[in-house]
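Numbering (the numbering used here), first residue to last: 17 to 146.
Read through the structure below, which is laid out as structure tokens, and then see the notes.
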């Protein structure tokens with residue numbers, strides 16, 4: 017039963033999140049420092065965006081105009097994030113400091129060398145304490 021509930025939530029939750037976040041984030045204002053530099057790097061390809069755990073869902077929304085590849089945890093919870101990323105046009109590599117990390121990092125580097133943009137969370141696997 018738990019597996020059925022997990023699979024059902026994987027089918028519904030990411031789509032629901034993307035739909036609701038588009039409405040919500042349409043009401044948010046984002047101030048970007050040096051937007052021309054960011055636009056140029058991301059348009060040329062091979063840019064690497066580093067962000068914190070608390071902001072990754074908004075970053076996916078904001079950076080969707082620069083599709084690329086993001087590293088997402090190989091955990092069951094990471095599957096939700098991977099599906100949200102895919103719905104927003106991103107490819108994913110799966111890995112973390114605990115599972116498949118080195119392989120995922122090598123795969124991410126290959127994507128960047130091919131000219132794709134990349135995104136990684138810079139504050140570790142669980143983020144800073146709050």
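Beta carbons: idealized from backbone N, C-alpha and C, even for Gly.
Straight-line Cα distance separating residue j from residue i
i           : j           : result
residue 18  : residue 28  : 15 Å
residue 24  : residue 90  : 19 Å
residue 21  : residue 51  : 42 Å
residue 118 : residue 129 : 17 Å
residue 126 : residue 62  : 10 Å
residue 112 : residue 48  : 28 Å
residue 92  : residue 114 : 13 Å
residue 80  : residue 34  : 12 Å
residue 88  : residue 53  : 26 Å
residue 121 : residue 38  : 30 Å
residue 40  : residue 116 : 34 Å
residue 64  : residue 44  : 24 Å
Distance cut-off 7 Å: residue i Cβ against heavy atoms of the ligand SAM
i           : result
residue 107 : Among the components modelled here there is no ligand, and therefore nothing to report on the ligand SAM.
Distance between beta carbons of residue j and residue i, contact taken as under 8 Å
i           : j           : result
residue 132 : residue 94  : That belief does not hold up - the Cβ atoms of residue 132 and residue 94 are roughly 20 Å apart, past 8 Å.
residue 134 : residue 86  : 7 Å
residue 3   : residue 109 : Outside the displayed range of the chain (17 to 146) lies residue 3, so it cannot be described from this structure.
residue 46  : residue 78  : 6 Å
Identity of the residues DSSP links to residue i by a beta bridge
i           : result
residue 84  : 133
residue 116 : 112
residue 107 : 85
residue 64  : 134
Sequence-distant residues of its chain with Cβ nearer than 7 Å to residue i (five each side left out)
i           : result
residue 139 : 68, 69
Sequence-distant residues of the same chain with beta carbon closer than 8 Å to residue i, five excluded per side
i          : result
residue 66 : 135, 136, 137, 138
* Asked: Do three or more CB pairs link the region 29–38 to the region 53–70 at distances below 8 Å?
  -> Result no; under three Cβ-Cβ pairs closer than 8 Å.
* Asked: Counting pairs of Cβ atoms below 8 Å between the region 66–75 and the region 103–116, do you hit three or more?
  -> Between the region 66–75 and the region 103–116 there are fewer than three inter-stretch CB-CB distances shorter than 8 Å, so the stretches are not counted as touching.
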